[in-house]
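When we follow UniProt numbering, the leftmost residue of the sequence shown carries the number 1, and every step to the right adds one.
C-beta: ideal position from N, C-alpha, C; glycine also.
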Amino acid sequence: MQEFVSFGLHIALIRQLAWLPKGYDLVPEGTVITSARLRSILLALEEANGPSVLVRLGRHLALKEQQPVLTMLRQGATPELIADRWHRLEGYSHARSRTDYQAAGKSLTLHRGAVRGQPPARVENLLMHGFMVGLLEAVGVENVSSAILPSHGPSIPVIRNGKLIKKLDFAGRGLRFRISWQSYVAISSGYPFMANMPGTAPTVGNSRPVVQKLCAVLEHDIGRSWTIEDVANALDTSGRTLQRRLQQANSRFSDLLRLMRVREACRLLAGTSLMVGEIGFWCGFTDNAHFSRDFRRLVGMPPSVYREASLGHAGLTRA
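Dropping the structure here:
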């Protein structure tokens, strides 16, 4: 639950309770929502309505809410990238749970585990089950089916061809589940959080065509876990050839990737009201410590100080 609380998704989750019978009764006015409190709310919800309601809640959250972190997860993503971004978000928020995944054809198999302590609770896994289904549907996956994969015995269907099985009855935590689909047609979406680039942002400082082309690829999806092979494929060349051409241009892939991420962070810090943590995640950093370290190295100040210094910059507007 920690990743939901850390990035404000718990507020959207509580909002979705309004669609359930007596949903708001579970959250008295003025309640402070912590990870533990959110877990207890989900426990009460399952006890009153059965396990399928948690799948439904997670699915609605991913499909209907417009929180910035959800926009970041869905932006220009494929099914496999969705799973990869969520896994990175769990690491970024230092959540005790991790969602590992395997992609094969038109399916994703996800396995929930713990970095420390006990495995994630059943209610968390059911919520995550629906949440991942909703994220995939939000980026263009159609006719989804899903099933829980217990350690012993046959799989337990949860969704068939897009329809939730309401009378879901199973024992165990539901740590492992598979999501499959019949078709995927990417939904185009505009680039979010548009703002002017402040003049104090670091520049690329290299006019060689290979550097410019590489930076253009990175800018298209800066939060992706890029490798040089990924960029080489996008440029219709090999990783070795691209690396050689970068050496000839006195550049390195890792340096350019870091530079482009910091440039984008500058734009978002100066032109939007997104939280610093949200910006770090959107720009592809592993965690806030790496974000602050790389930002300070290139800009000469922490992200929070840069934001304050940029507030009076002419022409900038707050989202």
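Less than 7 Å between C-beta atoms, sequence neighbours within five positions excluded: which residues of the same chain meet that for residue i?
| i | result |
| --- | --- |
| residue 12 | 61, 65, 67 |
| residue 3 | 89, 90, 93, 95 |
| residue 153 | none |
| residue 27 | 14, 17, 41 |
| residue 202 | 259, 262, 263, 298, 299 |
| residue 43 | 123 |
| residue 215 | 204, 256, 260 |
Can you find the residues in the same chain that come closer than 8 Å, C-beta to C-beta, to residue i, ignoring five residues on each side of it along the sequence?
| i | result |
| --- | --- |
| residue 158 | 52, 55, 129, 146, 147, 148, 164, 165, 168, 177 |
| residue 34 | 5 |
| residue 213 | 235 |
| residue 98 | 87, 90, 91, 112, 113, 114, 115 |
| residue 219 | 260, 264 |
| residue 142 | 162, 181, 182, 183, 184, 185 |
| residue 133 | 55, 58, 59, 62, 144, 146, 159, 179 |
Am I right that residue i and residue j are in contact with their C-beta atoms under 8 Å? What's the rounded C-beta distance?
| i | j | result |
| --- | --- | --- |
| residue 262 | residue 221 | The pair is not a contact, with the Cβ atoms about 16 Å apart (cut-off 8 Å). |
| residue 135 | residue 82 | 5 Å |
| residue 124 | residue 1 | 6 Å |
| residue 131 | residue 59 | 7 Å |
| residue 256 | residue 211 | 7 Å |
Could you compute how far the alpha carbon of residue i sits from the alpha carbon of residue j?
| i | j | result |
| --- | --- | --- |
| residue 226 | residue 217 | 10 Å |
| residue 273 | residue 10 | 19 Å |
| residue 259 | residue 297 | 10 Å |
| residue 7 | residue 69 | 7 Å |
| residue 207 | residue 246 | 12 Å |
| residue 79 | residue 267 | 28 Å |
| residue 45 | residue 170 | 16 Å |
| residue 174 | residue 47 | 16 Å |
| residue 291 | residue 103 | 29 Å |
| residue 229 | residue 242 | 9 Å |
| residue 288 | residue 299 | 16 Å |
| residue 140 | residue 106 | 12 Å |
| residue 224 | residue 118 | 30 Å |
| residue 244 | residue 187 | 35 Å |
| residue 151 | residue 172 | 9 Å |
| residue 303 | residue 126 | 36 Å |
| residue 137 | residue 77 | 11 Å |
| residue 120 | residue 36 | 12 Å |
| residue 233 | residue 32 | 48 Å |
| residue 231 | residue 248 | 17 Å |
Considering only residues of the same chain and omitting the five flanking positions on each side of residue i, which have a CB-CB separation below 6 Å?
| i | result |
| --- | --- |
| residue 155 | 147, 149 |
| residue 101 | 83, 108, 110 |
| residue 307 | 269 |
| residue 72 | 282 |
| residue 85 | 73 |
| residue 317 | In this predicted model, residue 317 has a pLDDT of only 37, less than 50, meaning its place in the structure is not dependable enough to derive any value. |
Using a Cβ-Cβ cut-off of 8 Å, state whether residue i counts as contacting chain B.
| i | result |
| --- | --- |
| residue 46 | The chain labelled as chain B is not found in the depicted structure, where only one protein chain is given. |
Exercise. Just checking, does the segment 277-290 make contact with the segment 235-253 on the three C-beta pairs under 8 Å criterion?
Worked result: no
Exercise. Would the segment 272-280 and the segment 237-244 be scored as touching if the rule is three or more Cβ pairs under 8 Å?
Worked result: no
Exercise. Between the segment 170-184 and the segment 110-126, do at least 3 Cβ pairs fall closer than 8 Å?
Worked result: yes
Problem set entry | 3 or more residues per run - each beta strand (DSSP E) lying fully within the segment 61-125 | 97-103, 107-114
Problem set entry | alpha helix (DSSP H) segments (min. 4 residues) lying fully within the segment 159-244 | 209-220, 228-234
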